[in-house]
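Trainee:
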Amino acid sequence: MGFLQRILGRKKSRTTGHRAGAKQAVPAPNQDAQRVDFFDTVAEEWDSKTKLSPTQEQQLAEIIDHVGIHDGQVVVDAGCGTGVLYKYLAPRIGSKGRVFGIDASPKMISLAEAKFSHDHRFSWHAGSVEKLIEEIAPEGIDRIICYASFPHFADPKLLLQIAAKALRPDGKLAIIHLGSSEEINGLHAGIGDSPVTQDTLPSVRELAVMAQEVSLELSVMAQEVSLSVQTSQEHPGLYFFLGASLKRS
Ligand SMILES: C[S@@+](CC[C@H](N)C(=O)[O-])C[C@H]1O[C@@H](n2cnc3c(N)ncnc32)[C@H](O)[C@@H]1O
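Every letter in the sequence shown is one number past the one before it in this note's numbering, and letter 20, counting from 1, is 20.
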């Protein structure tokens, strides 16, 4: 039985309360408090139970290379969990770069803070990406990375729209999973009755269509931004979507 299945098997009712010291959470949209609660519950065991193999670590490093993160850039790790991307981002942002880790689960954030507060280029924020992304870096964002988090956002099109607006010209949105949409959706479905069972990752083709629709909607709203698909790859063991922000001035 897998980690998530075991946790859920144990946890029949919702827990209440968050660890003292965690930052005040901004409520996630659509009242998805149960999802927050779920991730709070699994947070403590997250790192030990979701360890990547050396091959997967190598694969993730290559994908992050492909995202193209440069010295001094502003990066958002959207749905950062306990900060699993830290070791991939820290060597790539230079001394002046900034990373904003955002996660709806205060418990995940407090664990990330406990591990990485020594690195002042990184800051960790409890709350929904949809709410925080606009206020966290008003000067604009160069890279938004959703690693293993995209299916859990309540409204995928809203997330694409928010990202397109928040990114600087030439900014990029990366959606990454070490599994195809079929594999990820199968994993969630296999968990059984839980707040994440229905969380669905669209195929990269569907996501590309969504990005086009969002761009069209933004242009109808006279917003001078769009999201063009740069990379869309999907096969067993990998899902990688890279969208580039095009801003007209
Ligand atoms: C499957 S975990 C992945 C965590 C981390 N990226 C990793 O790979 O270890 C998904 C994370 O997304 C977070 N999440 C879900 N919806 C969110 C939202 N609307 N805003 C911010 N974080 C969210 C959850 O709290 C959870 O920690």
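Glycine residues also receive a C-beta, built at the ideal position from the N, C-alpha and C atoms. None of the values given here were measured: they were computed from a predicted structure.
1) Can you tell me whether proline 236 is buried or exposed? The criterion is at least 16 other CB atoms within 10 Å of its CB, across all chains shown.
2) In terms of residue numbering, what span does the alpha helix (DSSP H) encompassing valine 67 cover?
3) Kindly give me the distance between the Cβ atoms of leucine 178 and glutamine 73, rounded to whole angstroms, as I take these residues to be in contact under 8 Å.
4) Going by DSSP, what residue range makes up the beta strand (DSSP E) through histidine 188?
5) Exposed or buried, which one is glutamate 113 when buried takes at least 16 other CB atoms within 10 Å?
6) Please report the distance separating the alpha-carbon of leucine 246 from that of lysine 107.
7) Going along the chain, which residues of its own chain have a beta-carbon closer than 7 Å to the beta-carbon of leucine 111, five neighbours each way excluded?
8) In chain order, what residues of the same chain lie with their CB nearer than 7 Å to the CB of alanine 90, ignoring the 5 residues before and after it?
9) Counting pairs of Cβ atoms below 8 Å between the stretch 123 to 140 and the stretch 158 to 166, do you hit three or more?
10) Which residue from Leu132, Leu85, Pro202 and Glu130 puts its Cα closest to that of phenylalanine 116?
11) What residue ranges within the stretch 118 to 178 form continuous beta strand (DSSP E) runs of no fewer than 3 residues, ordered along the chain?
12) Within the present structure, is the beta-carbon of valine 36 separated from the nearest heavy atom of ligand 1 by less than 7 Å?
13) What do you get for aspartate 170, buried or exposed, if any count of 16 or more other CB atoms within 10 angstroms of its CB means buried?
14) Using the Cα positions of serine 194 and valine 214, report the straight-line distance between them to the nearest angstrom.
15) Quick one: what does DSSP say glutamine 24 is sitting in, helix, strand or coil?
16) If you run the structure through DSSP and keep just helix, strand and coil, what is serine 232?
17) So for leucine 238, helix, strand or coil by DSSP?
18) Have a look at the DSSP bridge pairing and note the partners of serine 245.
Mentor: Taking the coordinates as given:
1) exposed
2) 54 to 67
3) Contact doesn't hold; Cβ gap of about 23 Å is too wide.
4) Unbroken run through histidine 188 is the alpha helix (DSSP H), 181 to 190; no beta strand (DSSP E).
5) buried
6) 35 Å
7) Ala43 and Thr82
8) Asp119
9) yes
10) Leu85
11) 122 to 126, 141 to 147 and 167 to 177
12) yes
13) exposed
14) 30 Å
15) Only weak support exists for where glutamine 24 lies, its pLDDT of 41 falling under 50; the value from the coordinates is given anyway. Coil.
16) strand
17) strand
18) Leu227
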